[in-house]
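A.B. asks: Take the sequence shown: its letters are residues -29 to -1, 1 to 685, numbered as in mature numbering (1 follows the signal peptide of the UniProt record, and there is no 0).
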Amino acid sequence: MSLASRTRPAALLAALTVAAAGITTWAHGYGTTPQPAAAQAPSRPSVTQGTVLQVVAHPDDDLFFMNPDLSRSISTGVKVTTVYLTAGESDGRNEAHSPHLQDPTRPADHASYAEARQNGIRAAYAEMATGRRTSAWQRTSIPTTGGGSAEVDVLLARPEVNLVWMQMREARSISGDNPDSLRGLWDGKVPALGSQLASGSPVRTPFTYTRDQAVQAIANVLALYRPTTIRTQDPTPGRAQPAGAFLDHQDHMYGARFVQAATERYAATAGRPHFSVQNYVSYPNSSLPPTLDAKAAEEKLGYLKTYAWSDHQDWCGSPAGCGDRKTATRPTGAGWNQTIRYSRGESTTWMTQGPPGRLYAFAALDGQMAYWTRPGPTADWQGPRFLPATAPGTTIDAGASTTRLPDGRIAVLATRTTLAATAQDYRREAVYALQSAPGADFGPWHSLGTPDTGDLSAASATGAPTAATDATGRITVYVRDSRRTLRARTQTAPGADFGPWQTLGGTALQGDPVTATDSAGRRHLYAATDRTVLAWTQPTPGAPLAGPFPTGLPATTGVLSATGQDDGVRLSYRTPGTGTVTTTRATITPGTAAPLLSPPATAGGEGGYGAVATTGHLLAGRAATGTAAVTLPGQNPAWYESQMLYTGAPATITAPDGTGLAAALGLDADLHTTTAPAPTPTPTPGPGPAVPAPSAPWHRAVPPTALAQAARPH
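(1) At which residues does the alpha helix (DSSP H) containing I45 begin and terminate?
(2) Take the Cβ of P684 as the centre, count every other Cβ of all protein chains shown within 10 Å, and call the residue buried at 16 or more, exposed below.
(3) Measure the beta-carbon distance from G338 to T366 and round it to whole angstroms, keeping in mind my assumption that it falls under 8 Å.
(4) Could you check the C-alpha separation between P675 and S17 for me, to the nearest Å?
(5) DSSP has M322 in a bridge; who is on the other side?
(6) Determine whether the beta carbon atoms of R455 and T433 lie at a separation below 8 Å.
(7) Measure the alpha-carbon distance for G482 versus S532 and round it to whole angstroms.
(8) Taking only three categories from DSSP, how would you classify M37?
(9) If you draw a straight line from the alpha carbon of V51 to that of S613, how long is it in whole angstroms?
(10) Could you check what DSSP says for S314 in three-state terms: helix, strand or coil?
(11) My understanding is that Q25 touches M37, with C-beta atoms under 8 Å, so please give their C-beta distance in whole angstroms.
(12) What residue from H223, H220, D183 and V248 has the CA that sits closest to I201's CA?
(13) Please name the residue, chosen from A85, L156 and T623, that lies closest to T181 on a Cα-to-Cα basis.
(14) State the Cα-Cα distance for the pair D33 and T563, rounded to the nearest angstrom.
(15) Under the rule that 16 or more other beta-carbon atoms within 10 Å means buried, what is D378, buried or exposed?
(16) When you compare each of T111, F357, H283 and T598 to P173 by their alpha carbons, which one comes out closest?
(17) Is it the case that the Cβ atoms of A582 and G592 are separated by a distance below 8 Å?
(18) Going by beta-carbon coordinates alone, are T373 and A360 separated by less than 8 Å?
(19) Measure the alpha-carbon distance for A362 versus V402 and round it to whole angstroms.
(20) Would Q395 be called buried (16 or more neighbouring beta carbons within 10 Å of its own) or exposed?
(21) So, with DSSP's three-state summary, where would you put L457?
(22) Using DSSP bridges, identify the partner residues of L24.
(23) What are the start and end residues of each continuous beta strand (DSSP E) run of 3 or more residues lying completely inside the stretch 337 to 375, in chain order?
(24) Do you know whose CA, among T116, Y313 and L41, lies nearest A190's CA?
(25) Taking the CB atoms as reference points, tell me whether A82 and S152 lie closer together than 8 Å.
(26) Near G637, which residues of its chain fall below 6 Å by C-beta distance, leaving aside the five closest residues on each side in sequence?
(27) Within the continuous alpha helix (DSSP H) that includes S83, where are the two ends?
(28) Can you list the beta strand (DSSP E) stretches of 3 or more residues lying completely in the stretch 112 to 197, in chain order?
(29) Taking DSSP as the reference, what is the three-state secondary structure of P5?
(30) Looking at C-alpha atoms only, which residue of R236, G414, T585 and G579 is the closest neighbour of A595?
(31) Figure out for me which residue from A479, A609 and T623 has the closest Cα to the Cα of Q212.
(32) For my contact list, A438 and L384 are in at a C-beta cut-off of 8 Å; report their separation, rounded to the angstrom.
(33) So which of L41, P177, G364 and Y84 has the shortest CA-CA distance to A121?
(34) For E577, which residues of its own chain have a beta-carbon under 6 Å away from its beta-carbon, when the five flanking residues on both sides are left out?
(35) In the DSSP assignment, the beta strand (DSSP E) including Q536 goes from what residue to what residue?
(36) Any heavy atom of the ligand SAH closer than 7 Å to the Cβ of P208?
Structure, rendered in structure tokens:
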């Protein structure tokens, strides 16, 4: 599709904006003049800024799978909107799934059940934002693409909180092949998908969307709200092995594919801010260890009970009911109240050193790869600049990893999704781009393909790549394939093509593999499963990786980080159920390949969730409050928290002078950093070096004046 045809709905978008402005002139995103990013937020210290927009398939997907990120975003006062693609009408009965609790004489009423779920969602959001589930909303119908309409709800007490109901028909089955569904529409089994209007909705006239109209309708909502962070579900959760059934609800994955296509169009919108995308795991959480501590899980459960209308008090006055009674029988879901997981963007190796004194940081923005540079220790960061754009109809997925060649050049790796005109051509592949010389620009993207074969559209569950470079300059790329085993490709010679994909084994791998090299030049690689951590190591530098070896470690939350430390590697992870950061040091005994791990030690303080980046004396991660935080061993408090929420994973690096630097991508799609001075040596014997507190709060890396002049993608 040409750029002209993508921007064709400009007039419709203008009409949409005018119609929305009639809701209320102070609702966020409506009737306001966009301000330059540099004028929206102070540069220091960092606080949560930006505009956040969630897009989910059903009412409650946000509460089950995106909280506590959602509630914490609302609590900061940033602009938060959630878009529901389907009406969530299910079987049309607002009652428990259990047969003995159902009334077989009651006829199905899809419109009423959709209304009950809307009532429950509005109550939960009102409670998250104001503490009162009965806080009032203003509800309005606005026009969308192709003669359709969407309902927009504005929370009057907190008008920066909006809900958008697209009200498309849901599949009414987790995996059944129902053509009248998002899956059927994406795959071309139906020419158009009809609506399912909720009773009581201000949208009165039924409508249909073609595939293109559905994509454009979502893209228009994005253009209206101008988000800097887009949250959505996982478009490629994979299939069960060997039966082949989807691991997630079909509406979740195909809804996320519609969002992918819509963000690609939104990226072509003139004047929008930069944006990042965060993908969330849904049903597969059921079989994985919990990631949240007890306090966070209980808070999340409270909002789910409000949505589920657990007290059955008629506070809303609706004949349809005040919430989702199906959820009331099990508001924890399948343990989902204890968990939040990201399916992309948890690499902590997206910041690295180039030529002496020069630092690079990478992130997927606007569907392309962006990077920032710091020329020297006393210089300001510059950027974002963008690598060469990918082809039309493709998008760079969330997350980036890097590897540094012996001559100082940097290679950046990611995955790229091809959206394609036909569903059968949808696929994901690993890609990399390399600098032409140390400190120079990056060349074009090169495809590494995928280790998966067969139905790529359904099996594109390949993880994000991680890479290592040997002393000769040969790059090896590692990925978790859709069968959850470890695969690798290695250059046949420095600068040459890559050889075929190799099978390195392992089963039930979770997250992405991590790798680091010890001071002897031996490579270590680790990958989590749902029960433990597996290891692959080199007995000597340059030897083939041996493994997988059992580490004896217990289950983790699935996200690991590794960094070289003297003659070993420091491995960091979080403990299920508490989120406490735990570290262990792995070494290789001469003459063997199996690693020897030290007793695990905790970093102290309250837990959190998500990836932890570590380098030298500095660890960075998400605190229990959801904010960016760093810890320095031996310090009190154990964690130094900020007032900033972020997306993806943090990254850390130790500068040549020993200064520790941590970075994170804020919800404003800006790079934020903090520093910690090098430890002060102490005479021996003694307790060890004194580790000072961070020397600067988290702050925007690029000064506002420079940010306003940042380059846009080509």
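Don't be surprised by glycine CBs; every beta carbon is placed ideally from N, CA and C.
C.D. replies: So, from the listed chains and residues:
(1) D40 to T47
(2) With a pLDDT of only 43 at P684, under 50, the local geometry of the prediction cannot be trusted, and no value is derived from it.
(3) 4 Å
(4) 12 Å
(5) Per DSSP, A332.
(6) In this structure, T433 does not lie closer than 8 Å to R455 by Cβ.
(7) 11 Å
(8) coil
(9) The straight-line gap from Cα to Cα measures roughly 20 Å.
(10) Note: S314 maps to coil in three-state DSSP.
(11) Approximately 6 Å separates the beta-carbon atoms of Q25 and M37; this is inside 8 Å, confirming the contact.
(12) Ranked by Cα distance from I201, the options H223, H220, D183 and V248 are led by V248.
(13) L156
(14) 48 Å
(15) exposed
(16) By alpha-carbon distance to P173, the top candidate from T111, F357, H283 and T598 is T111.
(17) yes
(18) For T373 and A360, no; Cβs fall outside 8 Å.
(19) Roughly 13 Å separates the two Cα atoms.
(20) Around the CB of Q395, fewer than 16 other CB atoms lie within 10 Å, so the residue is classed as exposed.
(21) Residue state, collapsed to three classes: strand.
(22) Per DSSP, the beta-bridge partners of L24 are T52 and I201.
(23) 339 to 345, 353 to 357, 365 to 367 and 372 to 375
(24) Taking only the C-alpha atoms, the option nearest A190 is T116.
(25) No; because the gap between Cβ atoms is not below 8 Å, this pair is not in contact.
(26) So the qualifying residues of the chain are M615, Y617 and H643.
(27) H81 to T101 is the span of the alpha helix (DSSP H), which, as asked, contains S83.
(28) 120 to 126 and 132 to 139
(29) Model confidence at P5 stands at a pLDDT of 39, short of 50, so the residue's coordinates are unreliable; what they give is reported in the following sentence. In this structure, P5 counts as coil in the three-state DSSP scheme.
(30) G579
(31) A479
(32) 5 Å
(33) P177
(34) A595
(35) S532 to Q536
(36) You won't find the ligand SAH in this model; it holds no ligand whatsoever.
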